[in-house]
Structure formats: structure tokens, C-alpha cells
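Each residue of the sequence shown is one higher than the one before, counting from 1 in full-length UniProt numbering.
Report on one structure; see the data block that follows.
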Amino acid sequence: MLRALTNVLRLPRPWSPLRTRSCVSHRPTGDPEIQVRALTGRDQGITEILMNRPSARNALGNVLVSELLEALAQLREDQQVRVLLFRSGVKGVFCAGADLKEREQMSEAEVEIFVQRLRGLMNEIASSAVMGLIETTRGLLPGAGGTQRLPRCLGVALAKELIFTGRRLSGAQAHALGLVNHAVSQNEEGNAAYHRARELAQEILPQAPIAVRLGKVAIDRGMEVDIASGMAIEGLCYAQNIPTQDRLEGMAAFREKRPPRFVGK
């Protein structure tokens, strides 16, 4: 078992950084529905995925899902990306969920394929190796897999109540239930949530990148198994961190009472 876990938990190989600022795929004409932007200055290391499909309130259709999958495939192993933010370019909405109007035009076989791809997108976001991914999958980016993710987040009884009733929750209600980590009062520009997410990203940036990534792996994989297996997963993740330059730099910075200079190696 330990050998199998070691292979599963191995950090991904380096990937060439994403250079484009937009993503166009599976779309013969028209503007891209997402844009990828690497921030600079004090925010260097933060990358944003901007969803911009105003005609459908950022509903998850074939093109948007394809472009998101393509972008994540490039970003998930990009050593330059420390934190990934999802944001909306459509004022007053983040994501309207699956595009039901588009789905209505699909055959049964096409619907099945699309739902599988949508579920794959949610899995890709949740399991992404991007180090400090600020996830929006629990309540803000709805999609396939809700019957499995919601019970793990809220418990079986409450998940059944919300799924069976189809009840809509306000931001305050979602926060009270633990469905989202933060709820903020809206500002005049309508982007208060984005600013709070960016503040959180700035808190993650100074942390040791490999330790953050392995912490994400240990938590996500550990939640799928019993506590003893989870402890074994944690031990394997820590073992990968021991020979890194970042761990030595962290110890040196602590000893010398200075800010660490992590390089992600």
C-alpha cells in the first residue's frame, strides 16, 4: 500500500509556464469565454481565470468547459503559479451553473458526454496541483458531482435537504453553513468578493510553495481514507518535502530571523 501511495502522491513534473492571456478552443469564431492573466508586482505568483460569457451569465456550456479544461491542463503543473483565482467578468453574477438551454438541444448521448466532461472539470479544479488554489467549487461554481461533494462538506442530512428541495442560499446562509469560507458586504463596484479572495491569495503567496502543494494533497487524499491511512499519506508527503531547498531555506530563515526566500525546489 505504501508503495502505491508513494506513486500517487509524487509531485508532478515541471511544466512550461502559460504565456497566453486568453484561451480559445473548440470555437470557430468569436471571443474566448475565458481569459488567463498572471498578476505582477507584489501579486506575482497569482494567476486569474476570468470567465466572460455575459450572454448566458457565465453558464457552463461546451465552449466554456472546454476552455477551462484547456487552461487548467496548462496551469496545474506550472511552477510559476502559486495561487489560482477564479473571477467573473460579468457584473452581478459569478456562474449560473450548467447551460440548460444548450443542453436542451443535445441528444441523450451528447448529454451524457457533456455531464462527464463537466464532472471532470469539477474534479480537475478540486484536485488541481496548483499550489494555493482558491476553490469556488463548493457553492459558487456549481456543476456535476454535487451529490458526492455536498455531503462531504455539510454532512448527509443537510446535503439531502438542500438537494431534494433545490433551495437557494444567500451568501450569509452559505457562510453560516460552512459552504463558503467567507462572506463580505458588497461594495459600489460590485467586486468585494474578488478583493477578499485576492487578500487571501496574498496571504498564501509568502508560504513555502512545495509545502502548500503537499498540504493540499495530504488533506484531499486523507479525507478519502481512514485516519491511519491518512497519517501514512501525511508521512509520505512530508518525506517528499525533506530533501527540498525550500525546507532548508525555511529553517535557515527561522534561525536567522529573516523572511524566507522560497524557490519552489
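For each residue, glycine too, the CB sits at the ideal point set by N, CA and C.
Contact between the segment 175-189 and the segment 141-160 is present: three or more C-beta pairs spanning the two stretches fall below 8 Å. Here LYS101 is exposed, its C-beta having fewer than 16 other C-beta atoms within 10 Å. Secondary structure of VAL36 (DSSP, three-state): strand. ILE219 and ASN52 have their alpha carbons spaced roughly 32 Å apart. Excluding residues up to 5 positions away in sequence, ARG117, LEU118 and LEU121 lie with their Cβ nearer than 7 Å to the Cβ of VAL65 in the same chain. For ALA96, the secondary structure class from DSSP, reduced to helix, strand or coil, is coil. Classified as exposed, GLN186 has fewer than 16 neighbouring CB atoms from the shown chains inside 10 Å of its CB.
Beyond the five residues adjoining it in sequence on each side, LEU50 comes within less than 7 Å, by CB distance, of ILE34, GLN35, ARG37, ARG87 and GLY89 in the same chain, given in chain order.
Unbroken beta strand (DSSP E) runs of no fewer than 3 residues, entirely contained in the UniProt domain "Enoyl-CoA hydratase/isomerase" (48-110), are found at 83-88, following chain order.
Here GLU199 is exposed: its Cβ has fewer than 16 other Cβ atoms, across all protein chains shown, within 10 Å.
Beyond the five residues adjoining it in sequence on each side, GLY264 comes within less than 7 Å, by CB distance, of GLN79, PRO209, ILE210 and ASP246 in the same chain, given in chain order.
As the crow flies, the alpha-carbon of GLY166 is around 34 Å from that of LEU75. A direct Cα-to-Cα measurement between PHE164 and ARG213 gives close to 35 Å.
In this structure, ILE204 sits away from ARG221, with a CB-CB distance that is not shorter than 7 Å.
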